[in-house]
Amino acid sequence: MSGDEPAGVQDVHDIASALPEVTLGTSWGDKPTYKVRDKGFVIWRGEQRDAVDPDTGALMDDVMAISVPGPEDKEALVADGSPFFTTPHFDRSPRTVLLRERDLPRLTRAELEEVLTDAWASRAPARLVREHLGR
């Protein structure tokens with residue numbers, strides 16, 4: 001794998017589960033949630049009134065909430081043309097972006113890996129991050 005190929009849902013699972021001390025649990029009812037030391041960093045959401053498909057008007061049922069290190073990272077990720085977005089509800093959360101499963105192919109696997117690794121690092125203990133990433 002070169003990392004240049006379009007990302008997909010299986011890549012989310014493969015990348016997240018390969019990070020140190022990650023467990024797969026559930027949130028929002030029965031939705032998958034990747035956690036490091038019980039802190040979620042990739043959380044699938046159920047249908048919510050704040051996430052409506054602009055094309056169909058239907059509630060989105062394929063949205064992931066992904067942690068980011070800080071507000072600057074969020075701003076960069078939700079820039080125009082990006083598959084990442086926010087909603088009025090998540091505007092109050094400076095450390096979370098949203099991404100739809102259907103939009104994953106707009107990212108390369110390497111781009112997704114960078115975002116998910118940063119998400120993990122933003123929730124993992126500093127010592128664990130240093131051990132794994134050397135920073």
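Under this note's numbering, think of the first position of the sequence shown as 1, with each following residue one higher.
Backbone N, C-alpha and C define an ideal beta-carbon position, used for all residues, glycine too.
Here the structure is a predicted model, which means the values were calculated and not measured.
- Scanning its chain for C-beta atoms nearer than 6 Å, with the 5 sequence neighbours on each side dropped, one finds around E101 the residues V9 and D62, in chain order.
- Within the stretch 56-126, complete alpha helix (DSSP H) segments of at least 4 residues are found at 71-77, 88-91 and 109-123, given in chain order.
- The C-beta of R123 has 16 or more other C-beta atoms within 10 Å across all chains shown, which makes the residue buried.
- Under DSSP, P6 takes part in a beta bridge, and its partners are T108.
- When the alpha-carbon of A121 is set against those of S17, T56, R45 and F41, the nearest one is in F41.
- With distances taken between CA atoms, L99 lies nearest to T86 out of T86, S93 and E111.
- Take D11, set aside five residues on each side of it, and the residues of its chain with a beta-carbon closer than 6 Å to its own are R109 and L112, in chain order.
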